[in-house]
Amino acid sequence: MHEPGTLRLFKRGPSIEVRLVLLLALCLGMVVTDAHWSVLGPVRSGLSMVLYPFQRIALAPRDALEYFDSWSQAAALARDEQEALRRQRIEMAQLSTHAAQLATENEQLRRLLNVSESIAQQSVAVEVFYVPSNAFSHRLIFNKGSRAGIAPGMPVIDEGGVVGQIVRVTPFTSEAALLIDDQVSIPVQVLRNGLRLIAFGGNEVGKLEVRYLSAGVDVRVGDVLVTSGIGGLFPSGLSVGRIERVERDPGTGFAMAIAEPLSHPERYRHFLVLRVDVDDVPRPEEIEHALEQQ
Numbered sequence: 117m118h119e120p121g122t123l124r125l126f127k128r129g130p131s132i133e134v135r136l137v138l139l140l141a142l143c144l145g146m147v148v149t150d151a152h153w154s155v156l157g158p159v160r161s162g163l164s165m166v167l168y169p170f171q172r173i174a175l176a177p178r179d180a181l182e183y184f185d186s187w188s189q190a191a192a193l194a195r196d197e198q199e200a201l202r203r204q205r206i207e208m209a210q211l212s213t214h215a216a217q218l219a220t221e222n223e224q225l226r227r228l229l230n231v232s233e234s235i236a237q238q239s240v241a242v243e244v245f246y247v248p249s250n251a252f253s254h255r256l257i258f259n260k261g262s263r264a265g266i267a268p269g270m271p272v273i274d275e276g277g278v279v280g281q282i283v284r285v286t287p288f289t290s291e292a293a294l295l296i297d298d299q300v301s302i303p304v305q306v307l308r309n310g311l312r313l314i315a316f317g318g319n320e321v322g323k324l325e326v327r328y329l330s331a332g333v334d335v336r337v338g339d340v341l342v343t344s345g346i347g348g349l350f351p352s353g354l355s356v357g358r359i360e361r362v363e364r365d366p367g368t369g370f371a372m373a374i375a376e377p378l379s380h381p382e383r384y385r386h387f388l389v390l391r392v393d394v395d396d397v398p399r400p401e402e403i404e405h406a407l408e409q410q
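Residue numbers for the sequence shown follow the working numbering, so the first one is 117 and each next one is one higher.
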């Protein structure tokens, strides 16, 4: 007859302290063995291969953050370098333009110096202060006025010739009417034959007019007009313009010559004002009467 066995509710084994001592002994033995022999190398390699995928998964968030941070820093650095290069290009372009402008102005000032040395009158170098916004007048405002000895009536010249005439002054500024202004008239003569005439600001934009000529007057296309010196305001021999065409009217018996000014006030900023004695200058009607008498 089979005897029933007793039921064991708890399985007894080595105590925890014994297990701890055994595990410590095992670890110490493995450390000593690994330090003196390489028998545990294959085991370590196998464990590392098994654990590698789990290591990559655990480190994936860190790697993603590092990659994003390096990418954002590289993008920001690239933007900063691009902006710096763009700013450098702009600054270099400005410096180049400024240098070219200074070279042009220096060249013009040297030409003005040569002009001033060839003229007996004293002169004042002026610079354009601003250009009045008036489509019906041709004026320039300079940065010097009566305190520099400038007075109304004084002529303005550049290296090309006569530019205009001072019409209004303040202590620190002066206003000049250009040759093409309808309020300006200047005694001239044809350089080829010495014929004395009067040139006026023309109705045609940017042109001079020599009016009330006889139909058979000896004026040709290409003739150069220079100041005649009559009246004492403009020194003789300054270039004024070049004849572009001669319009003859057989019905009236008169002719009119259209000339292009040889000065270029729209190109430059510096000019010379000739300090002539405007008190001794005759009035325009006196000059016209003197021309008629000749």
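Think of the CB as a built atom: it goes at the ideal place given N, C-alpha and C, for glycine as much as any other residue.
PRO248 sits exposed, since fewer than 16 C-beta atoms from the chains shown fall within 10 Å of its C-beta.
In this structure the stretch 261-281 touches the stretch 292-307; the number of beta carbon pairs closer than 8 Å is three or more. Residue environment: ASP297 is assigned as buried (16 or more neighbouring CB atoms within 10 Å of its CB, all protein chains considered). With a 10 Å radius around the Cβ and a threshold of 16 neighbouring Cβ atoms, GLY338 comes out exposed. Boundaries of the beta strand (DSSP E) harbouring TYR246: 239-246, taken from the DSSP string. By the criterion of a C-beta distance shorter than 7 Å, SER253 is surrounded in its chain by ASP297, once the five residues flanking it on both sides are discounted. A Cβ-Cβ contact shorter than 7 Å links ALA373 with VAL335. Collapsing the DSSP output to three states places GLN171 in a helix.
Beta bridge pairing from DSSP links ASP274 with GLY277. Taking a C-beta distance under 7 Å as the contact criterion, GLY318 and GLU325 qualify as a contact pair.
Membership of SER301 in the beta strand (DSSP E) is indicated by the continuous run 301-306. DSSP links LEU313 through a beta bridge to VAL304.
In the DSSP assignment, SER352 falls outside any beta strand (DSSP E) and carries neither an H nor an E. In terms of CA proximity to VAL389, SER239 leads the group LEU142, VAL147, GLY261, SER239.
Judged by DSSP secondary structure, TYR384 falls outside any beta strand (DSSP E); it is assigned neither H nor E. In this structure, the straight-line span from the alpha carbon of SER352 to that of PRO303 is close to 9 Å. If you ignore the 5 residues before and after ARG364, its C-beta comes within less than 7 Å of the C-beta of ALA331, ALA371, all in its own chain and listed in chain order. Taking the CA atoms as reference points, ARG135 sits about 49 Å from SER186. Under the three-state reduction of DSSP output, ASP179 falls in the helix class.
With contacts defined by Cβ atoms closer than 7 Å, GLY261 and ARG391 do not form a contacting pair. Its Cα nearest to that of TYR246, the residue PRO381 stands out among PRO381, LEU313, LEU201. Where ARG255 is concerned, the enclosing beta strand (DSSP E) starts and stops at 255-258. The residues GLY276, GLY277, SER355, VAL356, GLY357, ARG358, in chain order, have a CB closer than 7 Å to that of LEU378 in the same chain once the five nearest residues on each side in sequence are set aside. GLY367 is classed as exposed because its beta carbon has fewer than 16 other beta carbons within 10 Å across all chains shown. Annotated as proximal: GLU243 and ASN259, with beta-carbon spacing under 7 Å. Look at PHE288 here: in three-state DSSP terms it is coil, with no helix or strand label.
A direct Cα-Cα distance of roughly 6 Å separates GLN305 from LEU341.
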